[in-house]
Ligand code: GCW
């Protein structure tokens, strides 16, 4: 027997790191060893070579070492196996793979990331055309558990709907005096940086890459879009730190991108201008980018926040966003890189007295007219809503307005406005609603179709990450589900978010290691399925948004932003509440949509209840489509929301002793806080509107 061909499990046992009793273990999230039990008990053949095939081999070997299976890599003789993971085009295929291919199921290309799961008699076969496909196929087998080995299961082909599935980390290298190590981070420090330097905790980053690959993510930025001086240096002097991270993530099919400052030629290059049309500036970017690719050959590209909330940009030089984005695109093009240019541009020095300026209009007003002017390797990165990651907003009208531009939609996994990982708020259903929304009217193309683009040439899906150096990765252990759901929905936006949640549960709380799996699953569904709507019920009503504490965005502050410069107002007075964004009498924002939605949103009678106050200013006794009045709806939903949170807590308590005590305790603590905070929201909102309107609750409940 050839030693290279039979993987020596004895040796691989050492891959498992010994546990340090003083070091609290990092939670395995959706890849606990137990999730590999079914796979690990099998005889597995891995066929093919390459960096990512080695990753597959490593995963399979570790699982088999633990659960008694066996592994072969490229054997030159016939072996009896249960599972074949084979790269097509890597020499003569093993028998079962040939048989599977002959059965016809293997016809057609699987692309750079796709795979086919099929069977040849009793043997389960995963085929891929490229190593990344094999890795995704392996994680699919893990997800399916025993079902993957059912020979009657029909063949399945999987290819990601979106080519780019990216996480943006808003991590600072140096601790920011206000925003800290991670801007809007609620999971401890950064896994990449600490106090001005690289943490070099490569084992942790590797583990992260593994989790991300298993969810489907294939790109990442490692620094905040607000780029300060230390962070700017990642592009040049500190490029080595970036290269090190890229090296660790590469085996998981994840490409590293960088957030850069538009002023880099001045800040780093000592030039007197950053004018996008200046030859020296263009030369500086070209050379700097060439150096980046020398160190990181598969570097993904740049992410840029320009002329937004104080970040530098092309406006300083009388140029527009197309000039700015194209400058960087030209520098990246020879190397195959892309620039993600953010559309989050608005006036953050607004006068609250001025009712004609509308922040919701800003992205469309800045960008729609530039359609057709961006280079092919520019991706315009648009927040899902026109304002700012609220619990409820209409879908951004920019998405329908730029047919000649590649668009990516940006979601927020970090729960800045949705409870900051102290509240349970499962966001899968919300993202699914956004991705399925049809901007041209029902039956038309969806948001997911737009970001997929023709022949996969779209911009993809991006999200701000919720991870940090916290033991559970995400602060709240159940917030792991949001990260997992993001990856899965980016891979296939048509997935049912509740089914995705179910996948996450099965992996995270494996039935084989859980006392009463049915109870755990049922309870988690009861707690999480509708938790986003619950959160919506006890916070800002009917799409009006904000009403958060300006200091940190946590907890209620009904008038917190009302007289500020930020452009997020609710205009409540004694008669009514909401923002008139109609064409007829308001800011005209409703007119930025294609005709179907422009009409629906134009009048309070046709506008969906959940967005009523986003689009209209109405009297408190205005009757909603649901039949309730606005004021009664506010009272009812706020009382109901708190009751639902109390029920979540009671349900969680039934899991005491059923699951990992550390997970149990962390969630229990946070549920106490969620009950407290939801109660505070309820009382402040109800009291505020009772005092403004003078209308009592029909049901006579206590309002302060
Ligand atoms: O929601 C806001 C956040 C800022 C953030 C900004 C953005 C990185 O409050 O902290 O800055 O969005 O998306 O650029």
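Numbering (our numbering), first residue to last: 46 to 749.
Glycine included, C-beta positions come from ideal geometry on N, C-alpha and C.
Let's test the definition: count the other Cβ atoms within 10 Å of the Cβ of residue i and tell me whether it reaches 16, buried, or not, exposed.
| i | result |
| --- | --- |
| residue 59 | Any reading at residue 59 must be qualified, since the residue scores a pLDDT of 36, below 50, and its modelled position is unreliable; the value itself is stated next. Result: exposed. |
| residue 350 | buried |
| residue 394 | exposed |
| residue 428 | buried |
| residue 741 | exposed |
| residue 197 | exposed |
| residue 595 | exposed |
| residue 500 | exposed |
| residue 733 | buried |
| residue 421 | exposed |
| residue 217 | buried |
| residue 67 | In this predicted model, residue 67 has a pLDDT of only 49, less than 50, meaning its place in the structure is not dependable; the value taken from the coordinates is given anyway. That one is exposed. |
| residue 448 | exposed |
| residue 122 | exposed |
| residue 557 | exposed |
| residue 104 | buried |
| residue 436 | buried |
When DSSP labels each residue in this structure, what does residue i get in the three-state scheme?
| i | result |
| --- | --- |
| residue 726 | helix |
| residue 322 | coil |
| residue 217 | strand |
| residue 67 | Confidence at residue 67 is low in this model, with a pLDDT of 49, below 50, so the placement of that residue should be treated as unreliable; the coordinate-derived value is given next. The answer is coil: DSSP assigns residue 67 none of H, G, I, E or B. |
| residue 295 | helix |
| residue 83 | helix |
| residue 128 | strand |
| residue 117 | strand |
| residue 750 | Past the edges of the chain, shown from 46 to 749, lies residue 750, and the structure says nothing about it. |
| residue 567 | helix |
| residue 187 | helix |
| residue 265 | strand |
| residue 201 | strand |
| residue 346 | strand |
| residue 443 | helix |
| residue 88 | strand |
| residue 674 | strand |
| residue 588 | coil |
| residue 465 | coil |
| residue 484 | coil |
| residue 227 | strand |
| residue 601 | strand |
Determine the direct distance from the alpha carbon of residue j to that of residue i, and round the result to whole angstroms.
| i | j | result |
| --- | --- | --- |
| residue 656 | residue 439 | 7 Å |
| residue 498 | residue 424 | 11 Å |
| residue 181 | residue 158 | 7 Å |
| residue 469 | residue 525 | 11 Å |
| residue 554 | residue 433 | 34 Å |
| residue 573 | residue 689 | 11 Å |
| residue 202 | residue 156 | 11 Å |
| residue 456 | residue 124 | 47 Å |
| residue 267 | residue 214 | 5 Å |
| residue 750 | residue 661 | As shown, the chain starts at 46 and ends at 749. That puts residue 750 outside it, with no answer to give. |
| residue 527 | residue 580 | 15 Å |
| residue 247 | residue 287 | 12 Å |
| residue 366 | residue 353 | 11 Å |
| residue 113 | residue 106 | 10 Å |
| residue 738 | residue 677 | 11 Å |
| residue 645 | residue 79 | 50 Å |
| residue 516 | residue 719 | 20 Å |
| residue 624 | residue 632 | 9 Å |
| residue 408 | residue 431 | 7 Å |
| residue 481 | residue 496 | 11 Å |
| residue 361 | residue 417 | 23 Å |
According to DSSP, which residues form a beta bridge with residue i?
| i | result |
| --- | --- |
| residue 239 | 242 |
| residue 209 | According to DSSP, which records beta bridges pairwise, residue 209 is partnered with nothing at all. |
| residue 663 | 622 |
| residue 412 | Bridge partners of residue 412: none, in fact. |
| residue 171 | 130 and 162 |
| residue 423 | 384 |
| residue 505 | 453 |
| residue 428 | 455 |
If we count Cβ pairs, one from each stretch, closer than 8 Å, do we get three or more for the stretch 399-416 versus the stretch 605-624?
-> yes
Taking three-plus beta-carbon pairs below 8 Å as touching, is the stretch 155-173 in contact with the stretch 453-472?
-> Short answer: they don't touch.
Meets three-Cβ-pair contact criterion under 8 Å: the stretch 296-313 and the stretch 250-262 | yes
Flag this pair as touching only if the stretch 329-348 and the stretch 301-315 have three or more C-beta atom pairs under 8 Å; answer yes or no.
-> yes
Any chance the stretch 276-290 sits against the stretch 238-247, with 3 or more Cβ pairs inside 8 Å?
-> yes
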